[in-house]
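In UniProt numbering, the protein residues as written are 1 to 176. Virtual Cβ for every residue (Gly too), placed ideally from N, Cα, C. No experiment lies behind these values; they were computed from the predicted model shown. Structure first, then comments.
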């Protein structure tokens, strides 16, 4: 039987969202959905360059941005943000895209995206991504080639190891 996900009721009123999207129509859709979820502080920008400026003013808790934009696209914006010296390096990023090719998904992972939201979007899908970054925060890792949230595979493997402690080489009471 497939697992059913239960949507929890989150209080988003105290969070600040930054929506960076070149389409005014998509910004309106995203803003309307976020307001429907209870978000009250939503700042908008129309490209990555103005998005970077808006980050300084808005101090966002969650960043939602489009991948393909003029001037500075979402991928380049994330590359600039995911610098350990950047004050916003740890802000959760939800990337919105119409490009769902495997290469894009792998690139999103390498960029340090928390969640990928494919267009056309639904309110449920957006809420699930927002809930995921709030309810399941991910530790950040730094390697010579990557700085960003720990990949889920590593996080899930760590949970498995933590939940099943093993003692190697010890005799059990039954064997003694």
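Buried or exposed (CB count within 10 angstroms, at least 16 for buried), residue 8:
exposed
Problem set entry | Nearest residue (CA-CA) to residue 149, options 83, 39, 34 and 17 | 83
Taking C-alpha atoms, which residue in 47, 55, 72 and 126 lies nearest to residue 39?
126
If we count the other Cβ atoms within 10 Å of its Cβ and call it buried at 16 or more, is residue 100 buried or exposed? exposed
Going by DSSP, what residue range makes up the beta strand (DSSP E) through residue 45?
First-last of the beta strand (DSSP E) with residue 45: 41-45.
Under 8 Å, with one C-beta from each stretch per pair, do the region 103-113 and the region 74-83 reach the 3-pair mark?
yes
**Request:** Determine which residues share a DSSP beta bridge with residue 37 and list them.
**Result:** DSSP output for residue 37 lists no bridge partner at all.
**Request:** Could you please give me the residues that DSSP links to residue 94 through a beta bridge?
**Result:** 64 and 115
*asked:* With H, G and I counted as helix, E and B as strand and the rest as coil, what does DSSP make of residue 10?
replied: coil
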